[in-house]
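Data first, discussion second: the structure below is written as structure tokens.
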Amino acid sequence: MASTWDLSILIDSLQRDLQARIDPQSCVMVGIYTGGVWIARELHRRLGVAAPLGELDISFYRDDFSRVGLHPEVKASRIPFSVDGSHLILVDDVLYTGRTIRAALNEIFDYGRPDRITLAVLVDRGLRELPICADVAALRLRSNPSDYIKLRGPNPLSLEFLPGGELAPA
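In this text, residue positions in the sequence shown follow the UniProt record's numbering: the first is 1, and each later residue adds one.
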């Protein structure tokens, strides 16, 4: 049986954790398509980040591109600010193997060199294949590879979890 969570509570948690770490007047924010952009839009608005929101489509940066092919809905990345010297907040919906974040970092560095990157995710489900960790996560799970966790949206946003994993405190 599938479970759902109250996203407003999870996004509230991300907002509180980020407020303690950032200066909204001097940081920049980038969401990863698609779910990360949906979450980033809400955080960007709530936190009052001065710079416009950036959006990344990491399809061409994935290391499994040759195995899985191109995603049918490739979007253009949009970074409407200078990355050089910035404190960049990178937002994604679900952190799993770490490969999406690795691809996002590769693309970000093609735009320039930020001084610092803070990774914020809605759900950290564990099971990394790469040594990447979230600085801020609203929900941390101990999951199994067979679990299904998906953010659906954009209106309304809902987080689906097909069981198999066990909740751990964030």
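Even for Gly, the Cβ is constructed at its ideal location relative to N, Cα and C.
Bear in mind the structure is a predicted one, so any value in this text is a computation, not a measurement.
Report task. Between the Cα of V28 and those of E160, L53 and Y111, spot the shortest distance and give me the residue it belongs to. Result -> L53
Query - Whether W38 touches L159 by CB criterion (7 Å) - result: no
Query raised in the report: If T97 and E129 are in contact, beta carbons under 8 Å, what's the gap, nearest whole angstrom?
Result: 4 Å
Query raised in the report: Just how far apart, CA to CA, sit residue 228 and R142?
Result: Beyond the ends of the chain as shown, which are 1 and 170, falls residue 228; an answer cannot be given.
Query raised in the report: What three-state label does DSSP hand T100 in the structure shown?
Result: helix
Query raised in the report: Around the C-beta of A168, are 16 or more other C-beta atoms found within 10 angstroms, so that it is buried, or is it exposed?
Result: A caution first: A168 carries a pLDDT of 46, below 50, which makes its placement in the model too unreliable to give a value.
Query - Enclosing beta strand (DSSP E) for E129 [first to last residue] - result: First-last for E129: undefined, no H or E at that position.
Report task. With I149 as the anchor, note down where its beta strand (DSSP E) starts and where it stops. Result -> Y148 to R152
Query raised in the report: Do you know offhand how far E166's Cα is from R113's?
Result: The predicted position of E166 is uncertain, since its pLDDT is 49 and thus under 50; a value taken from the coordinates is nonetheless stated next. In a straight line, the C-alpha of E166 is about 38 Å away from that of R113.
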